[in-house]
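Right, one structure below, let's go through it.
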Amino acid sequence: MFQGASDSAVALGVTPCGVVDSWSEKPMYRYLRPALAAVPHVGLETQPSLEDIVLLKPDLIVASRFRHQRIAPLLEQISPVLMLEEVFEFKRTLAMMGAAMLRQQQAMDLLGQWQQRVTALRSRLQEKFAGRWPITVSVLDIREDHIRSYLPASFAGSVLTELGFAWTPTAREATGVSLKLSSKESLPVVDADLFFIFQRADSKAAQQNYDKLVRHPFWQQLRAAQDGRYGAWMPLPGACPVAFWVPTACSMKSLAWPWRIVPHDRCGKTGSGTVGVDSVHGIEPGNRSHLDIALCDCPKCVAA
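Numbering-wise (the UniProt record's numbering), the sequence shown opens with residue 1 and increments by one.
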């Protein structure tokens with residue numbers, strides 16, 4: 001009954017009997033549509049339809065206290081409930097769902113692969129930045145009417161922390177998962193060596209806000225802006241959502257690396273310069289698959 005649970009179920013090779021609507025790209029994120037095309041929807045994550053859930057007769061309901069504490073007694077009358085604390089603790093979600101659905105080994109394999117990728121990228125970052133490592137980072141979400149800065153406790157924040165990035169004093173001292181910046185005059189509190197920016201491709205107003213942001217005098221005084229170490233990310237057709245991009249987003253040209261995110265079929269090059277991105281929805285026992293994207297540094301792709 002939350003996005004991370006849908007991701008984890010499919011990653012474990014389980015097709016749920018029902019799912020909640022996605023936050024964007026409704027009714028379901030494009031990267032999950034092949035696996036969940038025939039699965040009924042039970043409403044919003046914040047307001048699921050109990051009537052629809054009853055009709056589906058689930059063997060297990062996966063919910064979170066963060067979203068569903070109030071309706072927990074009603075859910076428990078329908079079927080057993082796996083109640084997780086938060087919606088953004090992806091490792092715990094995967095491990096707990098693996099145990100509940102008798103897929104512990106698959107969950108352990110996925111988490112092991114995750115750790116291998118983190119270790120490899122962390123080493124490359126240390127080599128790249130040498131004596132400047134760890135550099136500070138801010139994760140900015142450009143909304144229609146404000147800017148949101150994600151903190152270390154958020155999904156993206158936990159990944160960046162695991163990779164070894166440092167955080168600004170404001171981010172370290174704050175509680176929760178994000179800070180809301182109601183005005184651009186607040187930008188100095190997120191000043192860092194590197195910005196990851198989430199840009200909403202489906203919102204013209206958010207795009208306009210971003211365009212105004214990068215022209216603002218306060219923005220141009222920030223270290224990341226002055227050094228060109230920032231990049232806006234928006235969903236690509238068939239790509240996974242931004243949360244799953246964070247481990248590989250460091251290949252963006254904002255880091256001064258001559259790499260590009262490209263479709264696999266654009267370039268036939270193989271080797272260390274091309275890095276496949278694991279598909280959350282395509283991983284099944286004994287089957288390793290990839291999304292139709294890659295990170296490539298060949299002249300053909302960099303110039304594209």
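All C-beta atoms in this analysis are idealised placements derived from N, C-alpha and C, irrespective of residue type, glycine included.
- prompt: What distance in whole Å lies between the Cβ atoms of Ile61 and Ser49, which are believed to be in contact at a cut-off of 8 Å?
  reply: The C-beta distance from Ser49 to Ile61 rounds to 13 Å, too long to fall under 8 Å, and the pair is not in contact.
message: What does the Cβ neighbour count give for Thr93, buried or exposed, with the cut at 16 atoms within 10 Å?
response: That one is buried.
query: Which same chain residues, not among the five before or five after Asp141, have their C-beta less than 6 Å away from its C-beta?
result: Excluding positions up to five away in sequence, the list reads Arg148, Phe198.
Rounded Cβ spacing between Met101 and Val42 (contact assumed at less than 8 Å): Between Met101 and Val42, the beta carbon gap of about 19 Å keeps them out of contact (Cβ cut-off 8 Å).
message: Would the region 186 to 194 count as touching the region 166 to 173 if we require 3 or more Cβ pairs under 8 Å?
response: Inter-segment contact for the region 186 to 194 and the region 166 to 173 is present: three or more beta-carbon pairs are separated by less than 8 Å.
query: Going by alpha carbons, who is nearest to Tyr230 out of Arg132, Ala130, Leu194?
result: The shortest Cα separation from Tyr230 among Arg132, Ala130, Leu194 belongs to Leu194.
Same chain, Cβ closer than 8 Å to Leu181, neighbours up to 5 away in sequence not counted: Taken in chain order, the residues that qualify are His146, Ile147, Arg148, Ser149, Leu187, Val189, Val190.
message: Within 10 Å of its beta-carbon, does Met108 have 16 or more other beta-carbons around it, so buried, or fewer, so exposed?
response: So Met108 counts as exposed.
query: Do Pro134 and Gly164 have their C-beta atoms within less than 8 Å of each other?
result: The answer is yes: Cβ separation under 8 Å.
query: Cα-Cα, which of Leu121, Pro152, Glu86 is closest to Thr136?
result: It is Pro152 whose Cα lies nearest to the Cα of Thr136.
query: What's the gap between the Cα of Lys57 and the Cα of Arg103?
result: Straight-line Cα distance between these residues: approximately 21 Å.
task: Evaluate Ala63 with the Cβ neighbour count: other Cβ atoms within 10 Å of its Cβ, from every protein chain shown; 16 or more gives buried, anything less gives exposed.
output: Burial call: buried.
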